[in-house]
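By the UniProt record's numbering, the letter at position 27 of the sequence shown is numbered 27, and the numbering carries on one by one without gaps.
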Amino acid sequence: MAVLEVGKKAPNFELPNQDEKIKNIENYNGKWLVTYFYPRDDTPGCTVEAQEFTEELDNFTNENAVIVGVSPDNAAKHCKFINKHELGVELLADTEKTMLSDYGVWQEKKMYGKTYMGVVRT
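In structure tokens, the structure reads:
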């Protein structure tokens, strides 16, 4: 599992956003990049999280920060999720789980006696 260290450069990524535009870390140069990882679009907890980030968007923008959500869902699903809930955050599609792995959040999990890979929660 990768561990990000304070003061170290974050790993680069190249992922499509909800509009299928390829984004990488350099697209956010000069801004604070607030990245959150979540398991799946349109689930109750993930929806509330995205809505709360959207509600606070102006506060983040005033601090020169950009909010980006990342999940294993594809760009089309992200677009549908954004439109359904009128979200203002950008969502990146990590269908290959490369960024999720590089950032240490794609890990083995256990639930009801079963082991599987997924986005870890804190």
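Using N, Cα and C, we set each Cβ at its ideal position, and we do this for glycine too.
So the candidates are the options; which of them puts its Cα closest to the Cα of residue i?
i	options	result
G118	L57, F37, G69	F37
C79	G69, L91, V70	L91
D42	T98, N29, A76	A76
V70	E63, E96, K110, K114	E96
Return the Cβ separation of residue i and residue j in integer angstroms, given the expectation that the two are a contact with Cβ distance under 8 Å.
i	j	result
L33	V6	With 8 Å as the limit, L33 and V6 do not qualify as a contact, their Cβ atoms being about 15 Å apart.
P11	Y103	7 Å
D73	R40	6 Å
T47	H85	6 Å
K23	N64	Incorrect: roughly 18 Å between the Cβ atoms, too far for contact.
So, helix, strand or coil for residue i, using DSSP?
i	result
F37	strand
Y103	coil
G80	The amino acid at residue 80 is misidentified as Gly; the sequence shows Lys. Three-state DSSP puts K80 in a helix.
N64	coil
N29	coil
N24	strand
Taking the beta strand (DSSP E) that residue i falls in, what are its first and last residues?
i	result
V48	Here V48 belongs to no beta strand (DSSP E); instead the alpha helix (DSSP H) covers 44-55.
L92	90-93
K116	Inspection of the sequence shows that residue 116 is occupied by Tyr rather than by Lys. Start and end: 114-119.
L15	14-16
Relative to the ligand ATP, is the shortest distance from any of its heavy atoms to the C-beta of residue i smaller than 6 Å?
i	result
N74	No copy of the ligand ATP appears in this structure; indeed no ligand is present at all.
Subject >> Contact between the region 2-20 and the region 47-57 (3+ Cβ pairs under 8 Å) >> reply: no
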